[in-house]
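All residue numbers for the sequence shown refer to the numbering used here, where the first residue is 1035 and numbers rise by one. Ideal Cβ placement from N, Cα and C applies to all residues, glycine included.
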Amino acid sequence: MDDFHFDVYRNHVKNISIRSYYPLALIDVIDRSPFITQSIERLCNDVYSEYDEGTHKKFLQLTHYTFRLTSFLAKNYPDYLHHNISKIQFFINSGELEKGVKLLEILIEVSAKVEDFNTEFTAQQILAQHYILSEKRDLAIKCYDRVESLQAQKKSLWAIQSYIHTNHALRSSHTISSEDLDKHLEFFEKYKGSKSFYVQFLQKVGTYFFLHLARDKRFYDKAVFEGIVKCEKEYEKNDYVITPYLSNYIHVLQFLKLYHFIKIADPNEIIENVEGVLENRQDLQFWNSYFNMTEFSSIGILSNFYADQYFFSYEDNHLDKLSEETKKNFELLKTRCEEILENTRFTEKYIVRYVNLSTIYALLLSCGDEKDIKKSTRILEGLLINYQQISFHSLTDSIYSILILGYFSLKDFDNVDKCYRRFNKNLKNKTVDPRNSFIIQSIFYISKWLISEKQQYLKKLNLVFTSFEGENLSKTKKDIAKIIKYFDIPTLSQ
């Protein structure tokens, strides 16, 4: 490494955790010169102040772990090895051929291990020419063969990425037709036997993601989930492998894992895994300049899951029903939303995303205490007023449904009434999600009955239940029925 990348790497290791003590000690005692050899015995004594068979084994584990920590550079500074090309050229130009060739050989070995195709490609070309000038044609031909292999792996990598984006696979609004799915899967199958770990990884991500986009029932097979988990673990073992700058495919895989998990897992299992889903989201520094769509999608899925499972805000002392683990996860999700929303670049460049995430944040707050619920209603009212010129109609009915539930939980029935009337006025003749429409109408008539106990509102509430049909509404109907039962409203046999 040059000084810049070494300092970045060292600071990263230093700030990881208490586990970084020994990796940092190794980094500080090992000589950075490629021309100096240090014995394991000496390095063990420098790091552990002792040397024996047990320490020797422990040291080898340490070196492997410390090397894997270069994953931070692989993701954020994938060209961190390339500066060595200029050093090699300098040594050769200065008549220090042995030094140049030695550094060249080391560079090729390390580049191959981390799959730095670009650096190894250039290094192999230089080594081939060195062998030609040294009249070692057979060795030069081996270099050319390796160059061809590297070209093939690079071509495969870019072919997969190009195919994914050409077919809109990372845009959630686009689905893959079941008729075209087999054709897409055949494309990815071609790269299954690649020599490159990262090409194999992309091949699997593409396969799983297209199954998901096609809404294919095979996506929910146990074997697919196990395959996703296995692929994630393989990536973690090989995360020092160079990835194209600004790429984020491991997070796509983690999104698929979460989506699969939410659909089939027991709620208690999901609760235990939330922290793991949200961790390591900041290891890619380029998200300081871009909007992380995959993280946003994961936060949205988890937030909707938690709100569906644990919205009891209309009940007295409702927070007592939540476990400490559930409360902790609510706080984790809210904190991450706050961190993103506080980024001024985000608010200025991605207004619709900002509105969307603000709505998700308000949804989480609506499940909290009175202070949180009031904050939720303020945020949603602000969105409706401040961004009324922005086109986000697909979100508006969700905003109104969360808002009316917030006012209802606060027993602010005047604002429930106002919210209902604004919803009908502003979204007249516009497409509305039936689930949101059902919630808004039901809460309005429930609140009207709680105020007046007039039979006309019971009849209208019954009518809402019978007029809204569909399997997708079964969970929502059960949730509203729980509210009716809690307030002992004499209606409905549902």
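Whose C-beta lies closer than 6 Å to the C-beta of residue i among residues of the same chain, with five residues either side of it excluded?
i: residue 1158; result: 1177, 1180 and 1181
i: residue 1105; result: 1273 and 1274
i: residue 1070; result: none
i: residue 1213; result: none
i: residue 1080; result: 1063
i: residue 1044; result: 1061
i: residue 1059; result: 1081
i: residue 1410; result: 1396, 1399, 1400 and 1440
i: residue 1248; result: 1210, 1212 and 1215
i: residue 1156; result: 1119
Excluding five sequence neighbours on each side, which residues of the same chain lie with their C-beta closer than 7 Å to the C-beta of residue i?
i: residue 1117; result: 1036
i: residue 1263; result: 1291
i: residue 1282; result: 1318 and 1328
i: residue 1094; result: none
i: residue 985; result: Since the first residue of the chain shown is 1035 and the last is 1528, residue 985 is not available in this structure.
Applying the 10 Å Cβ sphere with the 16-neighbour rule, what's the burial state of residue i?
i: residue 1521; result: exposed
i: residue 1489; result: exposed
i: residue 1471; result: buried
i: residue 1206; result: Because residue 1206 carries a pLDDT of 49, less than 50, the predicted location of this residue cannot be relied on, and no value is offered for it.
i: residue 1057; result: buried
i: residue 1528; result: Its pLDDT being 42, under 50, residue 1528 is placed unreliably in this model, and the value from its coordinates should be taken loosely. By the neighbour-count rule (16 or more Cβ atoms within 10 Å), residue 1528 is not buried but exposed.
i: residue 1134; result: buried
i: residue 1175; result: exposed
i: residue 1109; result: buried
i: residue 1049; result: exposed
i: residue 1124; result: exposed
i: residue 1237; result: buried
i: residue 1322; result: exposed
i: residue 1501; result: exposed
i: residue 1431; result: buried
i: residue 1369; result: exposed
i: residue 1326; result: buried
i: residue 1492; result: buried
i: residue 1055; result: exposed
i: residue 1072; result: exposed
Is the closest heavy atom of the ligand PLP to the C-beta of residue i under 6 Å?
i: residue 1496; result: Because no ligand of any kind appears in the structure shown, any question about the ligand PLP cannot be addressed here.
Might you give, ordered along the chain, the residues of its own chain that have their beta carbon closer than 8 Å to the beta carbon of residue i, omitting 5 neighbours on each side?
i: residue 1375; result: 1381, 1388, 1391, 1392 and 1395
i: residue 1347; result: 1400, 1401, 1402, 1407, 1439, 1440 and 1443
i: residue 1153; result: 1113, 1115, 1116, 1118, 1119, 1141 and 1145
i: residue 1340; result: 1360, 1363, 1364, 1367, 1398 and 1401
i: residue 1473; result: 1435, 1438, 1439, 1510 and 1514
Check each candidate in the options and name the one with the smallest Cα separation from residue i.
i: residue 1271; options: 1260, 1135 and 1284; result: 1284
i: residue 1246; options: 1234, 1235 and 1259; result: 1259
i: residue 1499; options: 1487, 1486 and 1468; result: 1468
i: residue 1218; options: 1233, 1201 and 1232; result: 1201
i: residue 1268; options: 1126, 1210, 1216 and 1239; result: 1239
i: residue 1148; options: 1184, 1169 and 1350; result: 1184
i: residue 1457; options: 1448, 1446, 1445 and 1435; result: 1435
i: residue 1337; options: 1358, 1124, 1323 and 1366; result: 1366
i: residue 1186; options: 1280, 1222, 1151 and 1127; result: 1151
i: residue 1349; options: 1513, 1122, 1166 and 1097; result: 1513
i: residue 1297; options: 1330, 1325, 1451 and 1256; result: 1256
i: residue 1405; options: 1353, 1452 and 1373; result: 1353
i: residue 1261; options: 1248, 1241 and 1280; result: 1241
i: residue 1476; options: 1459, 1127, 1494 and 1065; result: 1494
i: residue 1136; options: 1068, 1194 and 1097; result: 1068
i: residue 1126; options: 1371, 1161, 1265 and 1524; result: 1161
i: residue 1041; options: 1506, 1111 and 1092; result: 1111
i: residue 1189; options: 1166, 1419 and 1232; result: 1232
i: residue 1266; options: 1280, 1235, 1107 and 1295; result: 1235
i: residue 1334; options: 1194, 1099, 1371 and 1191; result: 1371
i: residue 1415; options: 1345, 1280 and 1449; result: 1449
i: residue 1293; options: 1324, 1320 and 1332; result: 1332
Query - Stretch-stretch touch, CB-based, cutoff 8 Å, three pairs: the region 1080-1098 with the region 1240-1257 - result: no
Query raised in the report: Is the region 1209-1228 touching the region 1276-1284 in the sense that three or more CB pairs, one from each, lie closer than 8 Å?
Result: no
Query - At least three beta-carbon pairs within less than 8 Å, the region 1315-1329 to the region 1480-1492 - result: no
Query raised in the report: Hey, is the region 1126-1146 in contact with the region 1097-1104, meaning 3+ C-beta pairs nearer than 8 Å?
Result: no
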